[in-house]
Structures are given as structure tokens and as C-alpha cells.
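Here the structure comes first, spelled out in C-alpha cells, and everything after it is commentary.
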Amino acid sequence: MKRVYLASPLGFADSTKRFMHELEHALGEHVVIDNPWRFETIAAEEFARAETIRDRVAHTAAVHALNHRIAAANETAIQAADWLIGVLDGVDVDSGTAAEIGYAFARGKRIWGLRTDFRTTGDNAGSTVNLQVQYFIEASGGRIVTTTADLIAAITGAE
124 MKRVYLASPL
134 GFADSTKRFM
144 HELEHALGEH
154 VVIDNPWRFE
164 TIAAEEFARA
174 ETIRDRVAHT
184 AAVHALNHRI
194 AAANETAIQA
204 ADWLIGVLDG
214 VDVDSGTAAE
224 IGYAFARGKR
234 IWGLRTDFRT
244 TGDNAGSTVN
254 LQVQYFIEAS
264 GGRIVTTTAD
274 LIAAITGAE
């Protein structure tokens with residue numbers, strides 16, 4: 124089975140976590156999913172500990188170090204993945220998701236985009252989302268789909 128990095132902002136809000144788990148479960152029947160949000164409890168505990176540091180400089184250094192560890196772990200997971208799936212919902216594609224899509228493209232990974240949001244956010248009539256994000260997805264051999272079922276059909280039909 125292909126290893127897939129799931130790039131999304133879905134772990135930031137309680138309102139989207141359920142969909143994230145449903146998506147991960149549905150995809151998990153077809154690919155091995157690396158979801159960076161699996162470690163959110165550990166990160167939340169470490170951020171909470173950092174918030175107890177009263178010294179501003181030490182607090183900033185602790186949070187910066189934690190940010191660096193999270194980003195480095197995400198980089199390693201993207202490098203290990205065969206493909207990347209980016210969740211593109213929202214008024215604009217999440218900046219972290221867009222960065223991960225760009226990095227995956229630069230690493231030669233195939234990228235799939237899932238946009239279940241019906242609002243248009245493209246730069247013009249020729250784009251569904253930011254034109255650079257859409258370019259990276261399409262130039263990688265992937266495409267943007269609008270349902271989980273279409274995403275599963277796309278990835279199971281790909282080599």
C-alpha cells in the first residue's frame with residue numbers, strides 16, 4: 124500500500140476533528156496514512172508546559188523549539204510518503220497545508236487535493252483554489268476532487 128501524508132488544518136478546531144477522523148478511517152482502507160494531527164495531544168501538553176514558563180525569553184525559546192520539532196517531524200513524514208493528500212477547504216487554503224503541498228511537489232510526490240467546500244477561492248475563473256497550489260497538485264499527476272468517495276476512486280485508480 125502507498126504511504127500518504129495527510130496535510131490539513133482539520134486538527135485545529137473541534138468542529139473539524141470528526142471529519143478528519145472519518146477521512147482518515149475511509150482512506151486507511153486503501154493507503155497507509157501519516158496524519159501529523161495524531162500527535163496533537165503530546166504537542167498540546169508540551170505547549171501547555173511552555174505556557175507555564177514566566178520568563179518571556181525562555182517561554183519564546185521553548186515554544187520556538189517545539190515548533191521546530193513539529194515542523195521537522197512533518198518534513199520527515201512528507202519525505203517518507205509516496206503521496207500527499209491536502210485538504211483544501213476554507214476561505215483560502217491553510218498556509219501550512221499550502222507549504223506542505225509545495226514541499227511535496229518539490230520532492231517529486233504525487234499530490235491529491237480534497238475540497239468539499241463549495242465556495243470558490245481561486246485567483247480567477249480558471250482555478251478552484253490558489254493557482255500555485257492547484258498547479259502543484261495537477262503538475263504532480265494528481266487532481267482536486269470534491270468528495271471523499273471521489274478521492275478514494277482517484278487514489279485507488281492511480282499507480
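Using my numbering, the first residue of the sequence shown is number 124, and each one after it goes up by one.
Glycine included, every Cβ here is placed at the ideal spot set by N, Cα and C.
Predicted model only: the values in this text are computed from it and were never measured.
Please go through the same chain and pick out, in chain order, the residues whose beta-carbon is closer than 8 Å to the beta-carbon of residue i, but skip the five residues on each side of it.
i: I278; result: K125, V127, L150, H153, V154, W206, I208, W235
Could you tell me which residues DSSP pairs with residue i in its beta bridges?
i: Y128; result: D157, L207
i: R233; result: W206
i: I267; result: G236
What does a CB cutoff of less than 6 Å around residue i pick up in its chain, not counting 5 residues either side in sequence?
i: D215; result: T244
i: A185; result: A173, I176
Distance check for residue j and residue i, CA to CA, integer angstroms please.
i: N253; j: G225; result: 12 Å
i: R177; j: D246; result: 44 Å
i: V256; j: E168; result: 32 Å
i: F222; j: R242; result: Here the sequence assigns Ala to residue 222, which means Phe is not the residue at that position. Each residue's Cα considered, the two are about 21 Å apart.
i: I72; j: H148; result: The structure shown does not extend to residue 72, since the chain spans only 124 to 282, so no value can be given for it.
i: H182; j: A188; result: 10 Å
i: M143; j: T269; result: 15 Å
i: I165; j: Y258; result: 35 Å
i: R179; j: R172; result: 14 Å
i: V210; j: G219; result: 11 Å
i: A196; j: L237; result: 23 Å
i: K140; j: F162; result: 13 Å
i: F170; j: I201; result: 23 Å
Quick check: residue i and residue j, are their CB atoms within less than 7 Å of each other?
i: T239; j: D273; result: no
i: I267; j: I275; result: no
i: D217; j: P159; result: no
Classify residue i: buried if its beta carbon has 16 or more other beta carbons within 10 angstroms, exposed otherwise.
i: G249; result: exposed
i: G122; result: Residue 122 cannot be examined here, being either before or after the span of the chain that is shown, 124 to 282.
i: A130; result: buried
i: I156; result: buried
i: D137; result: exposed
i: A227; result: buried
Apart from the five residues just before and just after residue i, which ones in its own chain have a Cβ nearer than 7 Å to its Cβ?
i: V146; result: Here residue 146 is Leu; the residue named in the question, Val, does not match the sequence. Counting only Cβ-Cβ distances below 7 Å, and skipping sequence neighbours, we find T271.
i: A204; result: R126, V127, Y128, D157, K232
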